[in-house]
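Q:
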Amino acid sequence: MTSTVETVSTMAEAARAVAQGATFLAGGTIVMRDVNAGEAAPRIVRTIDPSLNDIRISGDSVVLGAGVTMAQVLANRDLEFLHPAARMIGGPQVRNMGTVGGNLFAPHPYGDFAVALLALGARAVMAGQSGGRPLDDLMRDRSRSPALVAAIECPRPRAGSFGFLKVSRVKPKGVSVLSVAALLPREGGRIRGPRVAWGAMGPGPMRGASAERLLDGQELSAATIDRVVQAAAEGLSPPTDAIATDWYRREVAGVHLKRLLEQMERG
Ligand SMILES: Cc1cc2nc3c(=O)[nH]c(=O)nc-3n(C[C@H](O)[C@H](O)[C@H](O)COP(=O)(O)OP(=O)(O)OC[C@H]3O[C@@H](n4cnc5c(N)ncnc54)[C@H](O)[C@@H]3O)c2cc1C
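According to this note's numbering, the stretch in the sequence shown is residues 217 to 483, in order.
(1) Please find out if some non-hydrogen atom of ligand 1 comes closer than 7 Å to the beta-carbon of R465.
(2) Contact between the region 285 to 292 and the region 385 to 399: three or more CB pairs below 8 Å?
(3) DSSP on A416, reduced to helix/strand/coil?
(4) Reducing DSSP to helix, strand and coil, say where M422 ends up.
(5) Can you give the Cα-Cα distance for A448 and T226, rounded to whole angstroms?
(6) Would you say V247 and A233 are within 8 Å of each other, going by their C-beta atoms?
(7) Go ahead and pull the three-state DSSP assignment for L400.
(8) Ends of the beta strand (DSSP E) at L241?
(9) As an exercise, report each continuous beta strand (DSSP E) stretch of at least 3 residues that is fully enclosed by the region 348 to 412, in chain order.
(10) Cα-Cα, which of Q434, R311, P350 is closest to R339?
(11) How many angstroms separate the CA atom of D270 from the CA atom of V284?
(12) Is it buried or exposed, G409, if we count other Cβ atoms within 10 angstroms and call 16 or more buried?
(13) Any idea what DSSP makes of I273, helix, strand or coil?
(14) In terms of residue numbering, what span does the beta strand (DSSP E) encompassing T440 cover?
(15) With respect to the alpha helix (DSSP H) encompassing R475, which residues constitute its N-terminal and C-terminal limits?
(16) Under 8 Å between the Cβ atoms of G317 and A242?
(17) Take the Cβ of G414 as the centre, count every other Cβ of all protein chains shown within 10 Å, and call the residue buried at 16 or more, exposed below.
(18) Assuming L298 contacts L354 (C-beta within less than 8 Å), just tell me the rounded distance between them.
(19) Should G314 go down as buried or exposed, given a rule of 16 or more other Cβ atoms within 10 Å for buried?
(20) So does V485 have its beta carbon nearer than 7 Å to some heavy atom of ligand 1?
(21) Between the C-alpha atoms of G451 and E222, what's the straight-line distance to the nearest angstrom?
(22) What's the call for S392, buried or exposed, on a 16-neighbour Cβ count within 10 Å?
(23) Let's test the definition: count the other Cβ atoms within 10 Å of the Cβ of G281 and tell me whether it reaches 16, buried, or not, exposed.
(24) Does R272 pass the burial test, meaning 16 or more other C-beta atoms within 10 Å, or should it be called exposed?
(25) Checking 8 Å against the spacing of the C-beta atoms, do V278 and L295 come in under that value?
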């Protein structure tokens with residue numbers, strides 16, 4: 217099938233086209249593969265709206281335009297907490313083109329950056345709408361309701377409270393066996409309101425509710441970590457693919473969560 221690509225000036229025009237069924241083209245690392253395979257939608261839309269590339273940092277809050285690339289994240293020192301995730305997206309060419317917005321909609325086993333954002337409690341600003349939408353909701357509905365993400369609002373974590381780990385067979389740029397991220401805010405030495413997110417352990421990036429339950433209110437000690445690790449894979453539904461079986465992913469989830477939590481414990 218042939219596709220036509222339209223370039224529009226504003227996010228509002230792009231959002232209208234997406235609402236009418238057009239596919240949005242960001243960095244194109246996934247969309248262009250579909251175009252080359254003759255599997256893309258007949259109408260593709262892109263925009264030159266400069267707001268898509270904005271990075272705004274104020275106090276403890278960060279706003280990333282949906283068109284910000286992984287390379288731009290890596291070039292910004294104020295975004296250091298996101299570097300471990302951005303660095304793990306493909307090779308240099310993919311990081312130069314691949315965007316924050318595109319990563320939210322990338323199919324399994326992709327979406328490593330979205331895993332980090334989900335653990336951080338980020339919100340998606342939808343084009344033409346005010347107020348952010350929790351990424352948890354967007355991740356749940358992403359295949360059902362095509363809508364254009366304009367930007368991501370993300371709290372900047374306190375030093376030592378956030379960690380990300382990706383496990384792949386081919387290093388440095390293989391796709392995920394799994395990825396996992398954790399935000400562990402602490403009050404008086406105890407974890408309050410933890411967020412754990414997994415990649416490649418379900419149809420898309422998802423929260424690790426059982427790990428969060430067992431971390432909440434606890435000190436990050438060896439005993440806590442052991443308890444959390446036992447329940448790491450509860451409630452997750454990993455797929456089987458060319459990289460790993462669902463059984464294998466379940467088996468190793470606890471090992472890698474332990475590795476991440478121990479890294480964070482050491483600080
Ligand atoms: C060789 C290779 C290696 C890769 N390795 C990894 C990896 O290690 N980890 C990983 O996570 N990903 C990986 N990817 C997948 C991909 O490159 C990234 O996920 C990237 O961030 C996608 O962004 P993009 O801008 O290129 O998306 P595009 O291809 O432009 O778009 C992807 C999808 O997202 C939709 N979309 C894009 N922007 C928006 C928006 N603002 N609002 C709504 N919908 C939107 C598009 O319509 C499309 O459906 C790899 C890809 C390749 C080709």
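Idealized CB from N, CA, C, for every residue including glycine. Quantities reported herein were computed from a predicted structural model and do not represent experimental measurements.
A: Walking through what the data contain:
(1) Along the sequence shown, one-based indexing puts residue 465 at 249. The answer is no for R465.
(2) The region 285 to 292, when compared against the region 385 to 399, does not touch it at the 8 Å Cβ threshold.
(3) In the sequence shown, the residue the question calls residue 416 occupies position 200. Coil at A416, not helix or strand.
(4) Here the question's residue 422 lines up with position 206 in the sequence shown. Reduced to three states, the DSSP call for M422 is strand.
(5) Here residue 448 corresponds to residue number 232 of the sequence shown, with the count starting at 1. Here residue 226 corresponds to residue number 10 of the sequence shown, with the count starting at 1. Their Cα atoms are separated by approximately 44 Å.
(6) By 1-based counting over the sequence shown, the position of residue 247 is 31. By 1-based counting over the sequence shown, the position of residue 233 is 17. No, the pair does not count as a contact, with Cβ atoms beyond the cut-off.
(7) As a working mapping, residue 400 is identified with position 184 in the sequence shown. Here L400 sits in coil by DSSP.
(8) Here residue 241 refers to the residue found at position 25 when the sequence shown is read from its first residue. Boundaries for L241: no beta strand (DSSP E) harbours it, and the DSSP string shows neither H nor E there.
(9) Segments of the beta strand (DSSP E) lying fully in the region 348 to 412: 348 to 350, 365 to 371, 378 to 384, 392 to 399.
(10) By 1-based counting over the sequence shown, the position of residue 339 is 123. The shortest Cα separation from R339 among Q434, R311, P350 belongs to P350.
(11) The residue labelled residue 270 in the question sits at position 54 within the sequence shown. The residue labelled residue 284 in the question sits at position 68 within the sequence shown. The alpha-carbon atoms of D270 and V284 are separated by roughly 7 Å.
(12) The residue given as residue 409 occupies position 193 in the sequence shown. That one is exposed.
(13) Your numbering for residue 273 matches position 57 in the sequence shown. Strand, per DSSP.
(14) To locate residue 440, count along the sequence shown from 1; it is residue 224. Not the beta strand (DSSP E): T440 falls in the alpha helix (DSSP H), residues 438 to 446.
(15) Within the sequence shown, residue 475 is the residue found at index 259, counting from 1. Start and end: 462 to 482.
(16) The residue given as residue 317 occupies position 101 in the sequence shown. The residue given as residue 242 occupies position 26 in the sequence shown. Remark: C-beta atoms of G317 and A242 approach each other more closely than 8 Å.
(17) Walking along the sequence shown from the start, residue 414 turns up at place 198. The sequence shown places Trp at residue 414, rather than the Gly named in the question. Taking all protein chains shown into account, W414 has 16 or more neighbouring C-beta atoms within 10 Å of its C-beta and is therefore buried.
(18) Residue mapping note: residue 298 aligns to position 82 of the sequence shown, counting from 1. Residue mapping note: residue 354 aligns to position 138 of the sequence shown, counting from 1. The pair is not a contact, with the Cβ atoms about 18 Å apart (cut-off 8 Å).
(19) For this step, residue 314 is matched to residue 98 along the sequence shown. Its Cβ being crowded by 16 or more others within 10 Å, G314 is buried.
(20) For residue 485 there is no data in the structure shown, the boundaries of the chain being 217 and 483.
(21) Counted from its first residue, the sequence shown places residue 451 at position 235. Counted from its first residue, the sequence shown places residue 222 at position 6. A straight line joining the alpha-carbon of G451 with that of E222 spans about 42 Å.
(22) Here residue 392 refers to the residue found at position 176 of the sequence shown. Buried: at least 16 other Cβ atoms inside 10 Å.
(23) Taking the first residue of the sequence shown as position 1, residue 281 is located at position 65. It is buried - the Cβ of G281 has at least 16 other Cβ atoms within 10 Å.
(24) Against the sequence shown, residue 272 aligns to sequence position 56. Exposed is the call here.
(25) Along the sequence shown, one-based indexing puts residue 278 at 62. Along the sequence shown, one-based indexing puts residue 295 at 79. Yes, they are a contact pair.
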